[in-house]
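Notes follow once the structure below has been shown.
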Ligand code: NAD
Ligand code: UDP
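Residue numbers (the numbering used here): 1320 to 1646.
See below:
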């Protein structure tokens, strides 16, 4: 065959076998890293976002890529696109942001799930839901396994997020049972890394920005509450493995780093890594703040061959390097 013809065949063949992937919330912190990785492996990416907490800046570096498309869209409304897979990440994740407009938060989780599941049903394609460790509420079982049903306040200030995500899980499993949709539900534990919003109020971004600015580090409550922090690259790897797993794997699957730290330990690590002299100051503990959080990731390890690779201090160092340029 003529050389040019061969090249044309190669290009067309790879274009045909390439996946077209929708990432809702793709201009957010986790979504932007996911879009980047999907493009890196050759997929086409449609990123749909209403820029409520995300920003074009998070995906500026992808805009020149002909395989990347950015669409302003609110997932509480139906979306008509032709794709092969959906990652449904659209939803504010920081307590400050999701409590700012709680009705919209519940609508985003609930109507967003209905609309994206409708899309998956029409196209008969797999869909992954970014669920959360918040479905366990203030857990009585520690570490949290997927078969624990949780301890969630249905009427508190965190409920718009927690119950919205729980209802979305219900919808995913009902669409799976009723309409035979291939679903993948990931229960994501606290994730951190570059491109977190400096003002989104989450603990890692707060502590790093405060330390870099020489401000007091705000410890809510006595700082003995624990969280387990997963570096964003590890999470994205877990999400992609889950999406690519066998159709029989529905989840829910915990994705998080089992390393568990108190907020005092986190503050000390941030102070040491930034060389900051910031003082720790106590602030009131927000209501319904979970006392402890640690994922049991046995299912993710056995099913997806996934374990996080980035230890807290290494991930913090990379995150500090990023924030040092933006604050
Ligand atoms: P983020 O706030 O940075 O990103 C969320 C994105 O969704 C933003 O770009 C935002 O503009 C967009 N969005 C919000 N409402 C929307 C709507 N109605 N329509 C379209 N887009 C909308 O948060 P993140 O940390 O990147 O979280 C991504 C997903 O992962 C969320 O679903 C979150 O609940 C889940 N999650 C994250 C964590 C974490 O620690 N980062 C933990 C558990 C679960
Ligand atoms: N937190 C804190 N200081 C801050 C921000 C948060 O001590 O400046 C605490 C917060 O009370 C919670 C933990 O850090 O116990 C994690 O908070 P984040 O908002 O990051 O996530 P979530 O509570 O949703 O796990």
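Note that the Cβ used here is the ideal one computed from N, Cα and C, for glycine as well.
As the structure is a computational prediction, the values presented were derived from the model and not from experiment.
The C-beta of residue 1620 has fewer than 16 other C-beta atoms within 10 Å across all chains shown, which makes the residue exposed.
Residue 1505 and residue 1587 have their C-alpha atoms roughly 30 Å apart. When C-alpha distances from residue 1573 are compared across 1567, 1585, 1581, 1549, the shortest belongs to 1549. Of the candidates 1362, 1400, 1442, 1349, 1349 places its Cα closest to the Cα of residue 1412.
Between the stretch 1526-1545 and the stretch 1588-1599 there are three or more inter-stretch CB-CB distances shorter than 8 Å, so the stretches are counted as touching.
Pairing residue 1400 with residue 1368, the inter-Cα distance amounts to about 14 Å. Taking 8 Å as the cut-off, the Cβ atoms of residue 1464 and residue 1509 do not count as close. Beta-carbon to beta-carbon, residue 1345 and residue 1378 are separated by about 7 Å, close enough to satisfy the 8 Å threshold. Assigned with DSSP and collapsed to three states, residue 1421 falls in helix. A Cβ-Cβ distance of about 19 Å is found for the pair residue 1614 and residue 1414, leaving them out of contact under the 8 Å criterion. Note on geometry: alpha-carbon atoms of residue 1570 and residue 1596 lie some 44 Å from one another. Note on geometry: alpha-carbon atoms of residue 1536 and residue 1635 lie some 16 Å from one another. Pairing residue 1448 with residue 1432 gives a Cβ-Cβ distance under 8 Å.
By the Cβ criterion, the stretch 1436-1452 is in contact with the stretch 1400-1410, since at least three pairs of Cβ atoms, one from each stretch, lie closer than 8 Å.
For the stretch 1561-1599, the continuous alpha helix (DSSP H) assignments of 4+ residues that do not extend past its boundaries occur at 1582-1593, in sequence order.
Taking residue 1593 as reference, the option from 1521, 1639, 1603 with the minimal CA-CA separation is 1639. The straight-line gap separating the alpha-carbon atoms of residue 1539 and residue 1602 is approximately 5 Å.
Exclusion of residue 1634 from the 7 Å shell around ligand 2 follows from its C-beta lying no nearer than that to any non-hydrogen atom of the ligand. The C-alpha of residue 1420 lies about 34 Å from the C-alpha of residue 1499.
Secondary structure of residue 1401 (DSSP, three-state): coil. For the stretch 1527-1562, the continuous beta strand (DSSP E) assignments of 3+ residues that do not extend past its boundaries occur at 1536-1539, 1545-1547, in sequence order. Around the beta carbon of residue 1372, 16 or more other beta carbons lie within 10 angstroms, which makes this residue buried. One thing to note: residue 1381 has its Cβ within 8 Å of the Cβ of residue 1358. The C-alpha of residue 1484 is placed about 27 Å away from the C-alpha of residue 1376. Relative to residue 1629, the option among 1582, 1583, 1581, 1556 whose CA is nearest is 1556.
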